[in-house]
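J.:
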Amino acid sequence: MVSTRRAAAERARAAAMALSALSGGWRVRAAIAASLFIKPELLLLDEPTNHLDLETVAWREEYLKGQEAPMVVVSHDREFLDPVCTKIVDGDGGVTTEYAGGYSRFLRSKRDARKAWDAAARCAIFLSLMDDRVAGASLQVSSLMPARASARLLQ
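The opening position of the sequence shown corresponds to residue 12 in this note's numbering, with each subsequent residue numbered one higher.
1. Which of the three DSSP states, helix, strand or coil, is assigned to Ile9?
2. To the nearest angstrom, how far is it from the Cα of Ala20 to the Cα of Pro51?
3. Where do the ends of the alpha helix (DSSP H) carrying Asp93 lie?
4. Classify Thr60 as buried or exposed, calling it buried when 16 or more other Cβ atoms lie within 10 Å of its own Cβ.
5. Rounded to whole angstroms, what's the CA-CA distance from Arg16 to Phe91? Just pull it up for me.
6. Considering only residues of the same chain and omitting the five flanking positions on each side of Arg24, which have a CB-CB separation below 8 Å?
7. Should Val152 be labelled buried (16 or more other beta-carbon atoms within 10 Å of its own) or exposed?
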C-alpha cells in the first residue's frame with residue numbers, strides 16, 4: 012500500500028514537471044504514452060527497453076506484439092526480442108539475410124546455415140583436390156589405378 016502511494020505521488024510530481032526535467036525512464040514513458048495516440052506506419056525502436064522497469068518492459072512487449080505496423084528494432088535485450096520479433100534481417104559481411112521467427116530461432120537458423128556452408132566449402136575443396144589428383148594421375152600410366160579410383164569417387 013505504501014509503495015502504491017509513493018508511486019502515485021511520484022507520478023503526480025512527474026506530471027507537474029517539464030519533460031526535460033524528467034529522468035530517462037520517465038521521458039521514455041512519456042514518449043510511449045505519446046505514441047499511443049497515433050497510428051504509425053513504421054516503428055523505429057532503438058534500445059526500446061533502456062531506462063524501463065520490468066513492469067513497463069512487459070507492458071511494452073505486449074503492446075508491440077499487438078502492433079500491425081512493421082518495426083525496426085535495435086536492441087541487446089534478447090528476452091525482449093524473442094516474443095516481439097517475427098522476422099529477423101541479419102547484416103553480416105555486407106550481405107543481408109532474412110530469417111523467420113524470433114531471435115532464438117534466428118540464432119539456431121544462422122548456426123545451422125553456417126554449418127551447412129562450412130560443410131559445402133569443405134566438400135568443394137575436397138572435390139577440387141580430387142579433380143587435380145585425377146587430372147595429374149591420368150597423365151601417368153604407372154598411376155592409372157589410383158586415378159581410376161579417384162574418378163569413381165567423383166561420380
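No residue lacks a Cβ here, since even glycine has one placed at the ideal position from N, Cα and C.
Note that the structure is predicted; figures quoted are calculated from it, not measured.
T.: Looking at the coordinates:
1. Nothing about residue 9 can be read from this structure; the chain reaches only from 12 to 166.
2. 32 Å
3. 89-95
4. buried
5. 29 Å
6. none
7. For Val152, the pLDDT reaches just 49, beneath the cut-off of 50, and the residue's location in the model is therefore unreliable, although a value from the coordinates is still provided. Looking at its Cβ environment, which holds fewer than 16 other Cβ atoms inside 10 Å, Val152 is exposed.
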